[in-house]
Amino acid sequence: MDQSKIIDFDEGLELIEIGIKKLIRNVEGSPNTQFSSEEYMMLHSTIYNMCESMHGFSRILYDKCKETIDEFNRSNVLPFLSGKFDELLLRELVQRMLIHKAFVTRLSNIFAGLKLYIGACSLPPLDKLGLSSFRDVVFMEVQANATKAVIDLIRKDHAGESIDKLLLKNVIDIFVEIGMGDIELLDDTANDYKLKVEPKPEPPAKTCERMPDLKAFKKSIEGFITLNYVKKGKDENVNTALSCAS
Numbered sequence: 001m002d003q004s005k006i007i008d009f010d011e012g013l014e015l016i017e018i019g020i021k022k023l024i025r026n027v028e029g030s031p032n033t034q035f036s037s038e039e040y041m042m043l044h045s046t047i048y049n050m051c052e053s054m055h056g057f058s059r060i061l062y063d064k065c066k067e068t069i070d071e072f073n074r075s076n077v078l079p080f081l082s083g084k085f086d087e088l089l090l091r092e093l094v095q096r097m098l099i100h101k102a103f104v105t106r107l108s109n110i111f112a113g114l115k116l117y118i119g120a121c122s123l124p125p126l127d128k129l130g131l132s133s134f135r136d137v138v139f140m141e142v143q144a145n146a147t148k149a150v151i152d153l154i155r156k157d158h159a160g161e162s163i164d165k166l167l168l169k170n171v172i173d174i175f176v177e178i179g180m181g182d183i184e185l186l187d188d189t190a191n192d193y194k195l196k197v198e199p200k201p202e203p204p205a206k207t208c209e210r211m212p213d214l215k216a217f218k219k220s221i222e223g224f225i226t227l228n229y230v231k232k233g234k235d236e237n238v239n240t241a242l243s244c245a246s
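And the structure:
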């Protein structure tokens, strides 16, 4: 640690807050929000020195990153998805995921001083933290409508209708990337979709008769990925992640 660069915690946190606000404006495309080399180096070195401080601010800064990512998703991602349906929702979901990733990547670069602490404590790296946040803060709020839109596109494709396959591929990539291949999460999504579409309860016998719909949904996604989009070398990973359909 450069002793000449020791900074008071409150002063350092204030500098970080200013930098994060500027980063958000820049990622959102606001003009005149590029970091100068001096600004970037000051922010980077401030965080590094706070991590190396004898007081050990690394955990506080790590928690700050999580809080920042959650708030970004809550304020700068989710509002753009609310009230949208069908393909419009899927297109916005893809676009907002790209913006989310750009923000997390640049935030990770600024907070590079945390890497040693993250590794030593076996904590999730910031990119994984970001995906978890996107899933919990954003996707869970739109999962029923997004799932319905995906199912509708898959059904249209199976029926021979023309669809935007690149859009569908990108959305399914998001499903898999944020953990939608997990059997429990996929079941929850399918069930939530069914509740939205079929809100009226049915007798047990009829409910049992409808259970294959969930499996058909998962099998449709797995089949669509395998036949159209899975690259060589990734088949085993994706099929394992979506093995709930088998």
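By full-length UniProt numbering, the letter at position 129 of the sequence shown is numbered 129, and the numbering carries on one by one without gaps.
Backbone N, C-alpha and C define an ideal beta-carbon position, used for all residues, glycine too.
Cβ pair residue i, residue j closer than 8 angstroms
i, j, result
"residue 130", "residue 104", "yes"
"residue 92", "residue 78", "no"
"residue 145", "residue 88", "no"
"residue 99", "residue 27", "yes"
CA nearest to the CA of residue i, picked from the options
i, options, result
"residue 53", "113, 169, 143, 167", "113"
"residue 135", "42, 157, 97", "97"
"residue 154", "168, 145, 142, 59", "168"
"residue 133", "58, 66, 171", "66"
"residue 141", "58, 60, 85", "85"
"residue 121", "12, 37, 59", "59"
Boundaries (first-last residue) of the alpha helix (DSSP H) holding residue i
i, result
"residue 70", "58-76"
"residue 175", "165-177"
"residue 130", "126-133"
"residue 158", "140-158"
"residue 55", "Note, residue 55: premise wrong, no alpha helix (DSSP H); not H, not E."
C-alpha gap between residue i and residue j, whole angstroms
i, j, result
"residue 15", "residue 43", "7 angstroms"
"residue 124", "residue 163", "37 angstroms"
"residue 25", "residue 101", "15 angstroms"
"residue 119", "residue 161", "49 angstroms"
"residue 10", "residue 35", "22 angstroms"
"residue 94", "residue 143", "13 angstroms"
"residue 176", "residue 51", "34 angstroms"
"residue 41", "residue 128", "25 angstroms"
Heavy atom of the ligand ADP within 7 angstroms of residue i beta-carbon
i, result
"residue 69", "This structure simply doesn't include the ligand ADP, nor any ligand for that matter."
Check whether the region 100-118 and the region 149-156 are in contact - that is, three or more C-beta pairs closer than 8 angstroms. no
Could you say if the region 16-33 and the region 67-80 meet the contact criterion of at least three C-beta pairs nearer than 8 angstroms? yes
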